[in-house]
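Novice: Here the sequence shown stands for residues 619 to 917, numbered as in this note's numbering.
Ideal Cβ placement from N, Cα and C applies to all residues, glycine included.
In this text the structure is predicted, and so the values were computed from the model without any measurement.
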Amino acid sequence: MSEASIIDGKALAAQVQERVRAAVEELKKRHGFVPGLAVVLVGDDPASRVYVRNKGKRTTEAGMKSFEYQLPADTGEEALLERIARLNKSPEVHGILVQLPLPKQINPDRVIDAIDPDKDVDGFHVINAGRLAVGRPALVPCTPLGCVLLAKQAKADLTGLEAVIIGRSNIVGKPLAQLLLRENCTVTIAHSRTRDLPEVARRADLLVAAVGRPELVRGSWIKPGAIVIDVGINRVERENGKAKLVGDVAFGEAKEVAGAITPVPGGVGPMTIAMLLVNTVKAACMQRNIPLPRPLAGL
Ligand code: GUN
Numbered sequence: 619m620s621e622a623s624i625i626d627g628k629a630l631a632a633q634v635q636e637r638v639r640a641a642v643e644e645l646k647k648r649h650g651f652v653p654g655l656a657v658v659l660v661g662d663d664p665a666s667r668v669y670v671r672n673k674g675k676r677t678t679e680a681g682m683k684s685f686e687y688q689l690p691a692d693t694g695e696e697a698l699l700e701r702i703a704r705l706n707k708s709p710e711v712h713g714i715l716v717q718l719p720l721p722k723q724i725n726p727d728r729v730i731d732a733i734d735p736d737k738d739v740d741g742f743h744v745i746n747a748g749r750l751a752v753g754r755p756a757l758v759p760c761t762p763l764g765c766v767l768l769a770k771q772a773k774a775d776l777t778g779l780e781a782v783i784i785g786r787s788n789i790v791g792k793p794l795a796q797l798l799l800r801e802n803c804t805v806t807i808a809h810s811r812t813r814d815l816p817e818v819a820r821r822a823d824l825l826v827a828a829v830g831r832p833e834l835v836r837g838s839w840i841k842p843g844a845i846v847i848d849v850g851i852n853r854v855e856r857e858n859g860k861a862k863l864v865g866d867v868a869f870g871e872a873k874e875v876a877g878a879i880t881p882v883p884g885g886v887g888p889m890t891i892a893m894l895l896v897n898t899v900k901a902a903c904m905q906r907n908i909p910l911p912r913p914l915a916g917l
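1) Give me the Cα-Cα distance between L699 and F685, rounded to the nearest whole angstrom.
2) Going along the chain, which residues of its own chain have a beta-carbon closer than 6 Å to the beta-carbon of V658, five neighbours each way excluded?
3) Tell me which residues share the same chain as P913 and place their Cβ nearer than 6 Å to its Cβ, disregarding the 5 neighbours each side in the sequence.
4) Do you know whose CA, among S666, L799, L768, H712, lies nearest L750's CA?
5) Suppose contacts are defined by Cβ-Cβ distances below 8 Å. Is T761 in contact with V886 by that definition?
6) If you follow the beta strand (DSSP E) that F685 is in, where does it begin and where does it stop?
7) Reducing DSSP to helix, strand and coil, say where L750 ends up.
8) Quick one: is I908 buried, meaning 16 or more other Cβ sit within 10 Å of its Cβ, or exposed?
9) Is the number of C-beta pairs between the stretch 772-788 and the stretch 804-814 that are closer than 8 Å three or more?
10) Could you check where the beta strand (DSSP E) with R853 kicks off and where it finishes?
11) What residues in its chain sit with their C-beta under 6 Å from that of A756, if we drop five residues either side in the sequence?
12) Buried or exposed for E833, please, with buried defined as at least 16 other CB atoms from any protein chain shown within 10 angstroms of its CB.
13) What is the DSSP secondary structure of V846, reduced to helix, strand or coil?
14) At 4 residues or longer, and completely inside the stretch 725-800: list those alpha helix (DSSP H) runs for me, N to C.
15) At a cut-off of 7 Å, is L715 close to the ligand GUN when judged by its beta-carbon and the heavy atoms of the ligand?
16) At which residue ranges does the stretch 622-673 contain complete beta strand (DSSP E) runs of 3 or more residues, listed in the order of the chain?
17) Could you work out which residue in M904, A915, G916, L917 is closest to P653 when comparing CA atoms only?
18) Would you say H712 lies against chain C (beta-carbon separation less than 8 Å)?
19) Look at the alpha carbon of V826 and the alpha carbon of G764, and state the distance between them as a whole number of angstroms.
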């Protein structure tokens with residue numbers, strides 16, 4: 619059996635970013651406006667700062683307006699809710715993202731509930747979760763959207779595949795299950811309490827790992843030829859004391875068995891921001907009641 623093909627998330631994200639840039643150009647020319655994305659960061663978590671900086675950079679590169687708000691770590695819930703209320707009203711802002719996790723004095727559910735669902739480019743609002751569940755047009759979380767595009771790089775039509783998702787989070791597992799149902803997969807959501815997880819994983823033609831446990835999924839858990847999408851980004855110490863990033867899948871073993879697999883880094887990670895840009899354009903078009911520009915057709 620030959621080695622798995624490596625699904626290149628970096629290259630795919632660059633293609634998506636280019637399509638977003640072309641779409642923004644078209645909106646500017648035909649409709650005379652530019653989509654805007656507001657990102658709110660509370661506190662100074664170093665990882666969150668890096669994410670927020672990258673989001674702003676990519677937004678500008680795609681030709682959109684980026685609004686960044688860095689609020690102090692001791693910001694109260696009411697102050698954040700006021701900021702969101704202002705962004706909800708602003709005609710220049712089509713997408714709002716509040717970086718998670720939030721400091722403990724702030725209830726994230728109250729914050730997400732306060733975002734206008736039509737500007738909720740994270741797709742975390744219960745209205746968008748409900749729309750997705752019943753198959754109405756919705757803003758859908760970015761990471762699961764990226765997972766589906768990556769899987770389609772390996773197989774354009776996912777119809778009929780046995781899909782197993784390990785992880786039941788509201789951000790990845792649950793919305794991804796809905797998306798894969800829409801792609802006509804037979805979907806299983808497995809989790810930490812699943813009986814005989816390796817056996818369940820071995821059923822999968824499409825296996826997605828989204829649990830945040832370094833290298834949980836071993837080569838022996840994978841059906842030969844399966845598509846493997848690794849959502850995990852885990853920082854682990856190496857013997858030499860330096861940190862490295864590993865996924866939820868033991869990549870070295872898995873690539874000997876799988877048909878196609880995403881690497882970490884360079885797989886799902888780069889796709890998330892690319893899909894955020896797509897969601898911002900989608901949100902802007904929905905708010906203005908205009909069709910999605912042609913370069914984004916099918917996304
Ligand atoms: N923190 C880590 N990932 C995400 C994400 O996708 N959206 C938001 N808002 N915060 C995050």
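Specialist: So, to answer that:
1) 17 Å
2) Y687, V716
3) A distance below 6 Å between beta-carbons, with the five flanking residues on each side excluded, links P913 to the following residues of its chain, in chain order: R637, A640, A641.
4) Of the candidates S666, L799, L768, H712, the one whose C-alpha sits nearest the C-alpha of L750 is L799.
5) yes
6) Looking at the DSSP string, the run of the beta strand (DSSP E) that includes F685 is 683-689.
7) In the structure shown, L750 sits in a helix (DSSP, three-state: H, G or I).
8) It is exposed - the Cβ of I908 has fewer than 16 other Cβ atoms within 10 Å.
9) The stretch 772-788 is in contact with the stretch 804-814.
10) For R853, the enclosing beta strand (DSSP E) covers residues 852-855.
11) Sequence-distant Cβ neighbours of A756 in its own chain, meaning closer than 6 Å and more than five residues away, are N746, R749, L750.
12) buried
13) strand
14) 726-732, 744-752, 760-772, 791-800
15) Answer for L715: yes, Cβ within range of the ligand GUN.
16) 654-660
17) M904
18) The structure shown contains no chain C; it holds only a single protein chain.
19) Straight through space, the alpha carbons of G764 and V826 are spaced by roughly 12 Å.
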